[in-house]
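Notes follow the structure.
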Amino acid sequence: MDFETIRTATLDFVRDHHAWAPVVTGIIAFCESLAVLSLFVPATVILLGIGALLGAGGIPFLPVMIGAAVGAILGDWVSYEFGRYYKEGAKRIWPLTRYPEMVASGEVFCHRWGAWAIFIGRFIGPARAVVPLVAGVFAVGRIPFQLANVSSGFVWAFVWLAPGAGLFGFLKG
């Protein structure tokens, strides 16, 4: 199954089953935020498409945004805990072994920004896939990690869904 088929099937499902939109969006956001899995799931285009479905009406924005935020937060948390558990060994597990330059960039990013790397990294495509994992490897404290994780999760969900939902125009007045 290719990315276009996944995207189309997911958006058709959300269009036909509005009540499931928060759950589906949460699962997509989880996949987008889970270390490495984000490389294999076309989450960005699906989230933008779901935002457009919100803008078309019939699906309330807030529950879907919360679903996306919770999914993203959980994905980063699992990645972080994986990194804390496996430490340096996490970098020697497939498929990270296929992307050593991405892992190295994540390390530099984490060293430079600390817990802020979690917040900033959520908005940078390739970094999003490894920064929480690397933060766990380097044992960034759980409280600073979670503060950055939770706050960025909600901001990220709003930023990805709001344009399609037409909320930026609504906020302007």
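According to our numbering, the sequence shown is numbered sequentially starting from -10.
From the three backbone atoms N, C-alpha and C, an ideal C-beta is built for every residue, glycine too.
The structure displayed is predicted, hence computed values, not measured ones.
For residue i, which three-state DSSP category applies?
i, result
"Phe29", "coil"
"Lys161", "Here Lys161 scores only 43 on pLDDT, less than 50, and its place in the model should not be relied on; the value that follows carries that caveat. Helix at Lys161."
"Val129", "coil"
"Phe112", "coil"
"Pro49", "coil"
"Ala104", "coil"
"Ile163", "Here the chain covers residues -10 to 162 and nothing more, so residue 163 does not appear."
"Gly165", "Here the chain has residues from -10 to 162 only, and residue 165 is not among them."
"Tyr88", "coil"
"Ile82", "coil"
For the alpha helix (DSSP H) that residue i lies in, which residues bound it at each end?
i, result
"Asp1", "Phe(-8) to Asp5"
"Thr14", "Ala10 to Ser22"
If residue i and residue j are in contact, beta carbons under 8 Å, what's the gap, nearest whole angstrom?
i, j, result
"Gly72", "Val126", "4 Å"
"Gly44", "Gly153", "5 Å"
"Ala32", "Ile17", "5 Å"
"Phe19", "Tyr69", "Actually they do not touch by this definition, with Cβ atoms about 14 Å apart."
"Trp149", "Leu37", "7 Å"
"Val119", "Gly95", "4 Å"
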